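Remarks on the structure that follows.
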Amino acid sequence: MDIGPCEPFRAQAFAESVAVSVARGEAPDTLILCRPDRPYVSLGFHQVSSEELEFAELKRRDLPVVRRVTGGGTTFLDPSQVFYQLVYRAQPAPGLSGGPTDFAEALRAPLALLEAFGLPARLRPPSDLVIAGRKVSGNAGGTWEDAHLLVGGLLGTADVEAMAAVLRCPSEGFRTFLEEEMARALTGLDQEMPDPPSPAELSRRLRAAFEEFGPWTLAPGPPLPTEEERFLHEVLPRHRD
1 MDIGPCEPFR AQAFAESVAV SVARGEAPDT LILCRPDRPY VSLGFHQVSS
51 EELEFAELKR RDLPVVRRVT GGGTTFLDPS QVFYQLVYRA QPAPGLSGGP
101 TDFAEALRAP LALLEAFGLP ARLRPPSDLV IAGRKVSGNA GGTWEDAHLL
151 VGGLLGTADV EAMAAVLRCP SEGFRTFLEE EMARALTGLD QEMPDPPSPA
201 ELSRRLRAAF EEFGPWTLAP GPPLPTEEER FLHEVLPRHR D
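Count the sequence shown with the UniProt record's numbering and you get residues 1 to 241, in order.
Here you go:
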């Protein structure tokens, strides 16, 4: 399911609606590809926005805040990033079992794509893809309505300036330090390739990689009407901060 460039709440959370369909047997195991059509900030479930974010900077940059239903820290996401979201029921080995080994199996596709680009990428257990020690893909797993979700993405650009700017910091000196640390820890395809793919091309190549190296045989299809309805009335409200 390729839902293309879409508004941030849909890019972040539509997989939850699909997970209900998969858990109930109304839909098969599903791969979702998407990318946000504008930059946004994602906040962990237990985080307090007033303690984490610079509201003036969010307003200046016109950045929406999407609260996740899972934990973790604050992240900055933008249209250069392409997301892949695997939604599935646990299967006996060698399939995706719902355990920690799922990362190695599911990430074969994005890892193979990075290698096809000529990049010396590797899996840094349990769930990061790195190039020379710098993360180009972060991934996370969880469960929703008895379905498993494994979600991640490839960084087209690691915009560490924007990432540091939207975080609340005790001083501007600390913000500079934070930006420098993130620059050492993260990388994007635009830093690693002289002619990086566009987000649309990256999405197309990712789909081909999942067709060849992913855990399932893919059959393209649109979202179910019930998934659209559930997203609008149930999923979307719980993600607004």
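Built from N, CA and C at the ideal position, the CB exists for glycine as well. This one's a predicted model, so the numbers in the text were calculated from it and none came from an experiment.
Endpoints, beta strand (DSSP E) assigned at residue i
i: Phe76; result: 75 to 77
i: Ala121; result: 121 to 124
i: Ala116; result: Careful: Ala116 lies outside any beta strand (DSSP E), inside the alpha helix (DSSP H) at 108 to 116.
i: Pro5; result: 2 to 6
i: Asp190; result: Premise fails: Asp190 lies in the alpha helix (DSSP H), 189 to 192, not in any beta strand (DSSP E).
i: Thr143; result: 139 to 144
i: Leu86; result: 82 to 88
i: Arg168; result: Per DSSP, Arg168 belongs to no beta strand (DSSP E) and is neither H nor E.
i: Arg24; result: It is not in any beta strand (DSSP E) - Arg24 carries neither H nor E in the DSSP assignment.
i: Asp128; result: 128 to 131
i: Gly153; result: 147 to 154
Cβ of residue i within 8 Å of any chain D Cβ
i: Glu161; result: Looking at the structure shown, chain D is missing, and only one protein chain is on hand.
Contacts around residue i, its chain only, beta-carbon distance under 8 Å, and the 5 residues preceding and following it disregarded
i: Ala112; result: Ala209, Glu212, Phe213
i: Arg24; result: Glu145
i: Thr70; result: Gly44, Phe45, Ala140, Gly142
i: Val235; result: Ala13, Phe14, Glu16, Ser17
i: Leu206; result: Leu33, Val82, Tyr84, Ala109, Pro110, Leu113, Leu154
i: Asp190; result: Ser80, Gly156, Thr157, Pro196
i: Arg61; result: Pro39, Ala162, Ala165, Val166
Terminal residues of the alpha helix (DSSP H) in which residue i lies
i: His239; result: 236 to 239
i: Arg184; result: 172 to 185
i: Ala219; result: Where Ala219 is concerned, there is no enclosing alpha helix (DSSP H), given that its DSSP letter is neither H nor E.
i: Ala164; result: 160 to 165
i: Ala200; result: 199 to 213
i: Arg38; result: Segment: none, Arg38 is in no alpha helix (DSSP H) and carries neither H nor E.
i: Pro100; result: Careful: Pro100 lies outside any alpha helix (DSSP H) and carries neither H nor E.
i: Pro196; result: Careful: Pro196 lies outside any alpha helix (DSSP H) and carries neither H nor E.
i: Thr226; result: 225 to 230
Sequence-distant residues of the same chain with beta carbon closer than 6 Å to residue i, five excluded per side
i: Ile32; result: Met1, Ala15, Gln85
i: His239; result: Phe9, Ala13, Val66, Arg67
i: Val87; result: Ala15, Val18, Ala19, Val22, Thr30, Ala147, Leu149
i: Phe231; result: Phe14, Ser17
i: Pro194; result: none
i: Gly72; result: Gly44
i: His233; result: none
i: Pro28; result: none
i: Gln47; result: none
i: Val160; result: Glu179, Met182, Ala183
i: Ala162; result: Phe76
i: Pro222; result: none
8 Å contact criterion, which residue i and residue j should meet: CB distance rounded
i: Ala164; j: Gly188; result: In fact, because the Cβ distance is near 15 Å, the residues do not count as touching under 8 Å.
i: Ala140; j: Gly153; result: Not quite, the Cβ-Cβ distance comes to about 10 Å (not below 8 Å), so this is no contact.
i: Thr74; j: Leu53; result: 7 Å
i: Pro110; j: Leu96; result: 15 Å between Cβ atoms; not a contact.
i: Ala106; j: Gly98; result: Actually they are not in contact, since the Cβ atoms of Ala106 and Gly98 sit about 11 Å apart, beyond 8 Å.
i: Glu51; j: Arg168; result: 7 Å
i: Leu123; j: Glu192; result: Not really, about 16 Å apart at Cβ, beyond 8 Å.
Cβ-based neighbour list, residue i, same chain, cut-off 7 Å, excluding 5 preceding and 5 following
i: Pro199; result: Arg35, Pro79, Ser80, Val82, Gly156
i: Leu63; result: Pro39, Tyr40, Val41, Val166
i: Glu115; result: Ala121
i: Thr101; result: none
i: Asp37; result: Pro5, Cys6, Glu7, Pro79
Mind pulling the beta strand (DSSP E) runs of 3 or more residues that sit fully within the stretch 50 to 74?
-> 65 to 67
Please confirm if the stretch 125 to 139 is in contact with the stretch 169 to 189, defined as three or more CB-CB distances below 8 Å between the two stretches.
-> yes
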